[in-house]
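**Student:** Here the sequence shown stands for residues 2 to 248, where the numbers follow the numbering used here. The beta-carbon is built from N, C-alpha and C at its ideal position, and this holds for glycine as well. All of these numbers come straight from a predicted model, not from anything done at the bench.
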Amino acid sequence: MHIAVVSIFPEMVGQVVEYGVVGRAEKRGLLSLHYENPRDYTEDSHRTVDDRPYGGGPGMVLKYEPGAKAIRAARNKLPADSLVVCLSPQGAIFDQATAQRFAKLPGMILLAGRYEGIDERLIDAEVDEELSLGDFVMSGGEIAAMAVIDAVARLLPGVLGDEESAAQDSFMQGLLDHPHYTRPESVDGLKVPAVLLSGDHARIARWRYKQALGRSFLRRPELVERLKLSQEQRKLLDEFLQEQVRV
Ligand code: 9D3
2 MHIAVVSIFP EMVGQVVEYG VVGRAEKRGL LSLHYENPRD YTEDSHRTVD DRPYGGGPGM
62 VLKYEPGAKA IRAARNKLPA DSLVVCLSPQ GAIFDQATAQ RFAKLPGMIL LAGRYEGIDE
122 RLIDAEVDEE LSLGDFVMSG GEIAAMAVID AVARLLPGVL GDEESAAQDS FMQGLLDHPH
182 YTRPESVDGL KVPAVLLSGD HARIARWRYK QALGRSFLRR PELVERLKLS QEQRKLLDEF
242 LQEQVRV
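#1: Measuring from the CB of V138, is there a heavy atom of the ligand 9D3 at a distance below 6 Å?
#2: In this structure, how does DSSP classify Y65 when only helix, strand and coil are distinguished?
#3: So does A148 have its beta carbon nearer than 6 Å to some heavy atom of the ligand 9D3?
#4: With DSSP as the reference, identify every bridge partner of L191, one or two as the case may be.
#5: Only counting runs of 4 or more residues, tell me where the alpha helix (DSSP H) segments fall wholly within the region 10-64, in order along the chain.
#6: Relative to the alpha-carbon of L157, which residue among F103, Y182, S199, D51 has its alpha-carbon at the smallest distance?
#7: May I ask you to report which of helix, strand or coil DSSP gives P180?
#8: Do K64 and V50 come within 7 Å of each other at the CB atom, strictly closer than that value?
#9: Thinking C-beta only, is V14 closer than 7 Å to A154?
#10: Restricting to Cα atoms, I'd like to know which of R29, G68, K28, G30 is closest to Y42.
#11: Between A100 and I9, what straight-line distance do the alpha-carbon atoms span, to the nearest angstrom?
#12: If we ignore side chains and look at the alpha-carbon of each, how far apart do D163 and F95 end up?
#13: From the DSSP output, read off the bridge partner residues of L284.
#14: If I measure Cβ to Cβ from V128 and keep anything under 6 Å in the same chain, skipping five residues before and after, which residues do I get?
#15: Hey, could you find the ends of the beta strand (DSSP E) S133 is sitting in?
#16: Hey, would you say A148 sits closer than 7 Å to L132, going by beta carbons?
#17: Sorted by chain position, which residues of the same chain lie with C-beta nearer than 8 Å to S33's C-beta, five sequence neighbours on each side aside?
#18: Quick one: is the Cβ of P39 within less than 6 Å of any heavy atom of the ligand 9D3?
#19: Going by the C-beta, is L219 closer than 6 Å to any heavy atom of the ligand 9D3?
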């Protein structure tokens, strides 16, 4: 897969994204990253990419021309049918289903804005989708672009090892994870749940699934709602809630 980032701080994205899983994907040739800076497509001596908003108000707006030229330059480096995604607070919320859809694409151009906003005509003319990470305020789209690249890269075939990819399509899908423990068995008077030391793999799997269901129900009820519980799942959740009462 080919990804281009259009940003006035392209090196910021590169620095972070070239570590870990994404870095490995790139080194193995499973992912190629490209960067375009709108500042490189300005004509004036100050290399101006922003200007004051029509109608007045605070902040500056990313200008159409440098943005459009940078996106077009990115298109020329990428497969013809690449998707152009703008990271913005006005976007739909990015989720795993979107990451999975993106992982099937030949290429993707991520436009990360700074300033108060982007000239809407740039979005109308060049952008296919707008995405947000959620309802909080960041100072630009670069960190969101990094998040999208990370989430998509780890879904590309061959990027994760067998064990890691197996975990992805397990029966825990759509739920929060169960709790994890490692050595020592007891620390500061805090013990590992006995079932995890039992060696009974069926009991361990059942306990973990119960924890995952229970924690999801308490912390993210909408995730459990979406599942439409079977009788067996309902029973596990009831058991979890019973066990919660006595501490
Ligand atoms: C305080 C400024 N806001 C006025 C109501 C508007 C605003 C403009 C630009 C808020 C944030 C930004 C920059 N943010 C992003 O580009 C961004 C973002 C975010 O802030 N939160 C979650 N996801 C994203 S994706 C891109």
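**Tutor:** Let me spell this out:
#1: yes
#2: helix
#3: no
#4: V188
#5: 11-18, 21-28
#6: F103
#7: coil
#8: yes
#9: no
#10: G68
#11: 24 Å
#12: 26 Å
#13: Past the boundaries of the shown model lies residue 284; the chain is included only from 2 to 248, so the question cannot be answered.
#14: V85, C87
#15: 130-133
#16: no
#17: M2, H3, I4, E27
#18: no
#19: no
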